[in-house]
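So that you can map any letter, position 92 of the sequence shown is 92 in full-length UniProt numbering, and since no number is skipped, the others follow by simple counting.
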Amino acid sequence: MTAVLDTPSSDTVDSPGADAAPEPRPASWPVRAGAFAIDVLLGVGVIATLAVLAFAAPTYGWLWWVYAGVAIVVMIAMLVNRVLLPTRTGWTVGRAVAGIRVTTAGGGDVGLVRLTLRELAHLLDTAAVCIGWLWPLWDSRKRTFADLLARTEVHRVGVRDEDVRDVRRRAAIVLLAGVLVSAAAVALGYFGSYRQELAVEQARAQLVDQGPRIVEQLLSYGVDSMDQDFAKALNLTTDNYRPQLVVQQAAVRKAGPNTNEYWAVSSAVLPESSKTEGTMLLALQGQRGIDPKNLKFLTATVRVDFHKIDGQWRVDNLTVLTKPQMNGAGQ
């Protein structure tokens with residue numbers, strides 16, 4: 001008697017592993033680089049822009065603190081996106097756009113502690129002349145040094161169409177926010193720092209042009225026009241210096257009618273000048289006397305503080321550094 005065994009038909013036989021999930025595919029290096037650019041390089045670019053602008057701004061001024069505060073906020077946002085967000089949603093913004101995810105070697109979820117250690121381990125990727133970042137190009141599992149140390153991998157994962165639209169929307173918002181922050185920082189730097197710097201340079205240029213002429217008019221007077229010259233000189237001073245000049249003019253009147261003429265032969269504006277205040281060093285030459293045959297020739301060096309009032313530079317103080325020398329003899 002022959003026993004006949006029923007042979008299962010092909011449609012009832014399950015091949016080994018038919019119901020098993022497909023093995024996750026490691027993400028390629030270009031895809032990982034694109035996600036990294038969105039997650040990290042965008043923020044680094046914003047922070048670098050803020051750092052350059054902060055360097056040009058007055059140290060510890062209000063604008064400097066604004067740049068520093070925004071840079072700190074951007075750094076915190078980067079950390080939240082890279083470490084905290086994946087533990088809640090499974091994605092960072094960049095990885096969601098690229099369709100990749102950080103997992104354990106077996107494809108499981110990665111917790112907060114391991115993600116944090118992985119981010120710190122990226123320092124080794126950079127310290128090794130950035131070789132760690134390039135390691136996925138030849139590693140069979142596409143891992144960086146940080147992945148090897150944290151025992152993580154980056155896998156390609158499927159994303160539903162509705163999720164793709166949501167992810168791209170979020171990525172677009174992040175990119176737009178980064179561009180707007182950088183643009184706002186540049187605009188603020190222009191209006192708050194560059195324009196101030198430009199105003200200071202314009203003020204210095206005005207002092208270079210007007211300062212020597214003002215000092216010449218302040219110290220010069222003629223025997224036939226002394227009253228007019230003294231009145232004009234008083235209009236070139238601030239309330240702070242005017243009383244001193246009045247005393248000096250009174251001493252000149254008491255000495256008798258004379259002619260005194262100065263002209264600047266060399267001048268320099270000191271660096272601490274601002275939009276409304278400035279200091280100059282001037283080397284002066286001049287002559288004193290009424291008789292052309294008996295003129296006394298003068299040399300002197302002075303330091304002059306200027307203050308801008310109602311758009312006009314005025315002398316706020318005058319200090320004689322080298323006393324006037326008359327015909328080579330001190331007077």
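Positions of the beta carbon are idealized from the N, C-alpha and C atoms, including for glycine.
| Item | Value |
| --- | --- |
| Let me confirm a value: Leu53 is counted as buried when at least 16 other C-beta atoms fall within 10 Å, else exposed. Which label applies? | buried |
| At what residue ranges does the UniProt domain "RDD" (27–150) contain a whole run of the alpha helix (DSSP H), taking only runs of 4 or more? | 29–36, 42–56, 62–79, 85–89, 93–98, 112–127, 131–134, 145–150 |
| Ends of the beta strand (DSSP E) at Lys296? | 296–309 |
| Where Gly90 and Arg101 are concerned, what is the direct C-alpha to C-alpha distance, given to the nearest angstrom? | 7 Å |
| For Ala264 versus Ala283, is the C-beta spacing smaller than 9 Å? | yes |
| DSSP on Asp229, reduced to helix/strand/coil? | helix |
| How long is the line joining the alpha carbons of Arg288 and Pro271, rounded to whole angstroms? | 33 Å |
| Which one of Ala251, Arg169, Leu41, Pro212 has the shortest CA to CA distance from Phe230? | Ala251 |
| Going by DSSP, name the residue or residues bridged to Val154. | Val102 |
| Which same chain residues end up closer than 7 Å to Asp316 when comparing Cβ atoms and leaving out the 5 residues on each side of it in sequence? | Thr238, Asn240, Tyr241, Asp305, Phe306, His307 |
| Tell me Ser266's beta-bridge partners as DSSP assigns them. | Ala283 |
| Check this for me: beta carbons of Ala171 and Val110, under 9 Å apart or not? | no |
| Please return the same chain residues whose Cβ sits closer than 7 Å to the Cβ of Gly330, not counting the five positions on each side in sequence. | Because the pLDDT of Gly330 is 40, which lies under 50, any placement of that residue in the model is unreliable, and the question is left without a value. |
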